[in-house]
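Peer 1: Next up is a structure, given as structure tokens.
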Amino acid sequence: MLEFAQQIVNGLSLGAIYALIALGYTMVYGIIKLINFAHGDIMMVGALVGYFSLTLLGTNIFVAMLAAMIACAVFGVLIEKIAYRPLRNSTRIAALITAIGVSLFLEYFTIFLFGPAQKVFPETAFPIKAYAVGGLSILNKDVFVFVSAVVLMLILQYIIKWTKTGKAMRAVSLDREAAVLMGISVDKTISITFAICSALAAAAGVMLGVYYNTVNPLMGIIPGLKAFVAAVLGGIGIIPGAMVGGFVMGLLETMVSGYGNSLYRDAVAFGVLIFILLIKPSGIFGEDTGEKV
Amino acid sequence: MQKVNNKWIKLGVEVLILAALFTLVQYLITAGLLKQYYQISLASMCINVILAVSLSLINGFTGQLSLGHAGFMAVGAYIAAIMTNMLDLPFITGIVAACLGAGLAGFIIGVPTLRLKGDYLAIATLAFGEIIRVTLQNIDYVNGPAGIMGISKLSTWSWLFGGAIITIVVIVNLVNSSYGRAIISIREDEIASELMGINTTKYKVLAFVVGAGFAGLAGALYAHYFYIIKPETFNFLKSFDILVMVVLGGLGSTTGAIIAALFITALTAALQSFPAIRMVLYALILIIVMIYRPQGLMGNKELSMKIFGRIWGGRN
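Residue numbers (our numbering), protein chains in the order written: chain Y, 1 to 293; chain Z, 1001 to 1316.
Dropping the structure here:
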């Protein structure tokens, strides 16, 4: 029982990271119906910005995270403006291919600039301590990741539910044409969505750096795919779904590596995806919409 | 009568051109005039043409977005390698078994997933492709992540060229048959074609199985040309590569898929000399082509003798 609780503790912080990335997938999909394959790589850029902020500027972890978020917000808006906006009215598959192109570009341009090697996250930035709570050992990095992720999700929830921008985002994702008629600037709203999503991804990237202690140019691929599975699991386009999906994926992954064969860790993630797609393609929180002619 | 004659003349010209191309390359290889580098490029071109044309049947003509094509290629590659390398069977048995095995995998995956539409189908096929890869990584019989090494080099130029031609002939004829019209009607409007009495599930699965089978052929040829196969080779990036060829060529254009497959392979080979910047340039070209020509190089049109005729004889 104690071991089980320990696995849950370990899974929660990983799940929080997945949830943050999954939010980005789900919000972008909700607003422009594009599976943004470059999202995991934006997270990687965030992790790198955090790394350089820690090592070159010697800032503390919170400043590093903030710097990564701001840098990636700008970056995300630029990517949308340059690569996705010209394709907004062409076929979905063309946009999908462009997203793949952007993803490859980010990965290999970073390799070109900084080399493919792993970079070790400086330990001085975040000295690891373990607390014993009722027989469980809780690492301070897990607490840090979990608490900051939850805080970010609360801020996001506030923006979406209570601000005018959030209202505009919901309106555009519901019906873009109607939103235009109501005087909402669609371009601006989509830009803001990309800024928010990329900032969340950047925060997740820095957290992943703290969690695994390393960053590298290809680190975005696998967590990106898993977060994407999480978004589908919760129902793509649905914000609370992405959060729940992220935690489910994180917990599942630690359970599989804890009790089973860690080689099957990635297969399980995709197995879950297939299962959910066959049982209820619209996800846990999704509503089944009939087909319209 | 005139029309029938023209058709036979056209076919004759096409066969002659292909035979000349085949003999030329065959001569260059046997005479040792073609450098290893170009030989590898030509082999990759044939394999990529098979992959692109077979995926274009699924994505371009049936309109079902599949992101797991590399998975079927992996099935074919492994089956063929086991047949020839471990069981000492002739190459042709390996190739047939690879096609059938990959087709069967396509059937098993296609029946449940083809109920899904659009992005969901894309995600499901992506997941299945990855599951095939991870499963291969965990089977000790095929050496897990290390893969099978020392496969005998049985894919000669005749096999590669013949494989590509057979794939093109079969798929072009399928698309131009009554089956093909049913398949295209699904792409145009699934509900309408169902109302016209077309068993959409049957035709979708058919296209999927045929496409997967030819991906298996490509896998078998790949395994017996490059000596070594690893599960990692067939990850989702490989599927993306094939998809890029299909979309770049134009969805619903076989000639487009062929041209794009040749172009991308040549581009990859040409960029080989700039290893540091190769993938960056590849990604940039991809983005730029998509922004300025989102319908692909050929749109849904076919390149045919007619266009050449028009260029030659002016506008008539």
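No residue lacks a Cβ here, since even glycine has one placed at the ideal position from N, Cα and C.
Could you name the residues of the same chain whose beta carbon sits closer than 6 Å to that of N1316/Z, not counting the 5 residues immediately before and after it, in chain order?
Peer 2: Taking the first residue of the second sequence as position 1, residue 1316/Z is located at position 316. Unreliable placement is indicated for N1316/Z, whose pLDDT of 38 sits below 50; the coordinate value is still reported in the next sentence. The answer is none, since no qualifying residue turns up.
Peer 1: Among residues of its own chain, excluding the 5 on either side of R176/Y, which ones have a beta-carbon nearer than 8 Å to its beta-carbon?
Peer 2: Here residue 176/Y is taken as the residue at index 176 of the first sequence, counted from 1. The answer, listed in chain order, is V186.
Peer 1: Taking C-beta to C-beta, are G166/Y and T26/Y nearer than 8 Å?
Peer 2: As a working mapping, residue 166/Y is identified with position 166 in the first sequence. As a working mapping, residue 26/Y is identified with position 26 in the first sequence. At a Cβ-Cβ threshold of 8 Å, G166/Y and T26/Y do not count as neighbours.
Peer 1: Is M294/Y near A204/Y, with beta carbons less than 8 Å apart?
Peer 2: Shown here, chain Y extends from 1 to 293; a query on residue 294/Y therefore has no answer.
Peer 1: Please list, in chain order, all residues of the same chain as Q7/Y whose beta carbon is under 7 Å from its beta carbon, the five residues on each side excluded.
Peer 2: Working through the first sequence from its first residue, we reach residue 7/Y at position 7. Within the same chain, Q7/Y has close Cβ partners T254, M255, G258.
Peer 1: Let me know the secondary structure DSSP gives T98/Y once reduced to three states.
Peer 2: Counting from 1 along the first sequence, the entry for residue 98/Y is found at position 98. In this structure, T98/Y counts as helix in the three-state DSSP scheme.
Peer 1: Mind pulling the chain Z residues with CB within less than 8 Å of T254/Y?
Peer 2: Translated into the one-based positions of the first sequence, residue 254/Y becomes position 254. Ordered by position in chain Z, no residue passes the 8 Å Cβ test against T254/Y, which lies about 18 Å from the chain.
Peer 1: Hey, does I284/Y have any beta-carbon neighbour from chain Z nearer than 8 Å?
Peer 2: In the first sequence, residue 284/Y corresponds to position 284, counting from 1. No, I284/Y does not count as interfacial toward chain Z.
Peer 1: Between G1060/Z and S1253/Z, how many whole angstroms is the CB-CB distance? I'm expecting something under 8 Å.
Peer 2: Numbered from 1 along the second sequence, position 60 holds the residue referred to as residue 1060/Z. Numbered from 1 along the second sequence, position 253 holds the residue referred to as residue 1253/Z. With 8 Å as the limit, G1060/Z and S1253/Z qualify as a contact, their Cβ atoms being about 7 Å apart.
Peer 1: Is there contact here, the stretch 217-231 of chain Y with the stretch 30-43 of chain Y, by at least three beta-carbon pairs under 8 Å?
Peer 2: yes
Peer 1: Tell me, to the nearest whole angstrom, how far the beta carbon of G1250/Z is from that of A1102/Z; I am working on the premise that it is less than 8 Å.
Peer 2: As a working mapping, residue 1250/Z is identified with position 250 in the second sequence. As a working mapping, residue 1102/Z is identified with position 102 in the second sequence. The Cβ separation is near 25 Å, so there is no contact.
Peer 1: What does V232/Y touch in chain Z if you count any residue whose Cβ is under 7 Å from its own?
Peer 2: Along the first sequence, one-based indexing puts residue 232/Y at 232. I1123, listed in chain order.
Peer 1: Compare the C-alpha of G1110/Z against each of F1091/Z, M1073/Z, V1096/Z, G1068/Z and name the closest.
Peer 2: Against the second sequence, residue 1110/Z aligns to sequence position 110. Residue G1068/Z is the option with its Cα nearest to G1110/Z.
Peer 1: Under three-state DSSP, which class holds A119/Y?
Peer 2: As a working note, residue 119/Y is residue 119 in the first sequence. Before going on, a small fix: residue 119/Y reads as Lys here, not Ala. K119/Y: strand per DSSP, three-state reduction.
Peer 1: Identify the contact partners of V102/Y in chain Z, using a Cβ-Cβ distance below 7 Å as the criterion.
Peer 2: Along the first sequence, read from residue 1 onward, the residue named residue 102/Y stands at position 102. Ordered by position in chain Z, the residues that pass the 7 Å Cβ test against V102/Y are I1287.
Peer 1: Counting only beta-carbon separations shorter than 8 Å, does L1116/Z have a partner in chain Y?
Peer 2: Working through the second sequence from its first residue, we reach residue 1116/Z at position 116. At least one chain Y Cβ lies under 8 Å of L1116/Z.
Peer 1: Of all Cβ atoms in chain Z, is any one closer than 8 Å to the Cβ of Y108/Y?
Peer 2: Here residue 108/Y refers to the residue found at position 108 of the first sequence. Judged by the 8 Å Cβ criterion, Y108/Y is in contact with chain Z.
Peer 1: Give the DSSP-derived three-state secondary structure of S1054/Z in the structure shown.
Peer 2: Along the second sequence, one-based indexing puts residue 1054/Z at 54. S1054/Z falls in the helix class under three-state DSSP.
Peer 1: Mapping DSSP to helix, strand and coil, what is A1031/Z?
Peer 2: The sequence position of residue 1031/Z within the second sequence is 31, counting from 1. Three-state result, A1031/Z: coil.
Peer 1: Output the boundary residues of the beta strand (DSSP E) element that contains V133/Y.
Peer 2: Position 133 of the first sequence, counted from the first residue, corresponds to residue 133/Y. Its beta strand (DSSP E) spans residues 130-133.
Peer 1: Starting from I35/Y, find everything on chain Z with Cβ-Cβ shorter than 9 Å and list it in chain order.
Peer 2: Along the first sequence, read from residue 1 onward, the residue named residue 35/Y stands at position 35. Residues of chain Z passing the Cβ test: D1119, A1122, I1123.
Peer 1: Contact between the stretch 1205-1222 of chain Z and the stretch 1049-1066 of chain Z is defined here as three or more beta-carbon pairs at a separation below 8 Å; is this criterion met?
Peer 2: yes
Peer 1: How about F105/Y: is its C-beta nearer than 8 Å to some C-beta of chain Z?
Peer 2: Stepping through the first sequence from its first residue, residue 105/Y is reached at position 105. For F105/Y, the answer is yes, since a Cβ of chain Z falls inside 8 Å of its Cβ.
Peer 1: Show which residues of chain Z have a CB atom less than 8 Å away from the CB atom of Y264/Y.
Peer 2: In the first sequence, counting from the first residue as 1, residue 264/Y sits at position 264. In chain order: V1134, N1138.
Peer 1: So, are the CB atoms of V302/Y and F121/Y less than 8 Å apart?
Peer 2: Summary: the structure shown does not reach residue 302/Y, with chain Y confined to residues 1 through 293, and so no result is reported for it.
Peer 1: Tell me, please, whether the stretch 1279-1288 of chain Z touches the stretch 96-105 of chain Y by the rule of three or more beta-carbon pairs shorter than 8 Å.
Peer 2: yes
Peer 1: Would A83/Y count as contacting chain Z if we go by Cβ distances under 8 Å?
Peer 2: The residue labelled residue 83/Y in the question sits at position 83 within the first sequence. Output row for A83/Y: interface = yes.
Peer 1: Should I21/Y and A201/Y be called a contact, given that it needs their Cβ atoms to be closer than 8 Å?
Peer 2: For this step, residue 21/Y is matched to residue 21 along the first sequence. For this step, residue 201/Y is matched to residue 201 along the first sequence. Their beta carbons are under 8 Å apart, which means I21/Y touches A201/Y by this criterion.
Peer 1: Compare the C-beta of I1131/Z against all C-beta atoms of chain Y and say whether one is closer than 8 Å.
Peer 2: Along the second sequence, one-based indexing puts residue 1131/Z at 131. Cβ-Cβ to chain Y under 8 Å: yes for I1131/Z.
Peer 1: For L96/Y and I35/Y, which I take to be in contact (beta-carbon distance under 8 Å), what is that distance rounded to the nearest angstrom?
Peer 2: Along the first sequence, read from residue 1 onward, the residue named residue 96/Y stands at position 96. Along the first sequence, read from residue 1 onward, the residue named residue 35/Y stands at position 35. The beta-carbon distance between L96/Y and I35/Y, rounded to whole angstroms, is 6 Å. This is short enough to meet the 8 Å contact definition.
Peer 1: For the alpha helix (DSSP H) containing L1284/Z, name the first residue and the last one.
Peer 2: On the second sequence, residue 1284/Z is found 284 positions in, with the first residue counted as 1. Here the alpha helix (DSSP H) through L1284/Z covers 1278-1292.
Peer 1: Does any C-beta atom of chain Z lie closer than 8 Å to the C-beta of S173/Y?
Peer 2: If you number the first sequence from 1, residue 173/Y lands on position 173. No, S173/Y does not count as interfacial toward chain Z.
Peer 1: Reducing DSSP to helix, strand and coil, say where I1148/Z ends up.
Peer 2: Taking the second sequence and counting its residues from 1, one reaches residue 1148/Z at position 148. Strand.
Peer 1: Taking 8 Å as the threshold (beta carbon to beta carbon), is P223/Y in contact with chain Z?
Peer 2: Along the first sequence, one-based indexing puts residue 223/Y at 223. So no, P223/Y is outside the interface.
Peer 1: Our contact map puts S1273/Z next to H1224/Z with C-beta atoms below 8 Å; I'd like the distance itself, whole angstroms only.
Peer 2: Within the second sequence, the letter at position 273 stands for residue 1273/Z. Within the second sequence, the letter at position 224 stands for residue 1224/Z. Rounded, the Cβ-Cβ distance is 27 Å, inconsistent with contact.
Peer 1: Report all residues from its chain with a CB closer than 6 Å to the CB of V68/Y; omit the five preceding and five following residues, and keep chain order.
Peer 2: Start at 1 with the first residue of the first sequence, and residue 68/Y comes out as number 68. Looking at the sequence provided, one finds Ala at residue 68/Y rather than Val. Only G46, V49, G50, A202, V206 meet the Cβ criterion.
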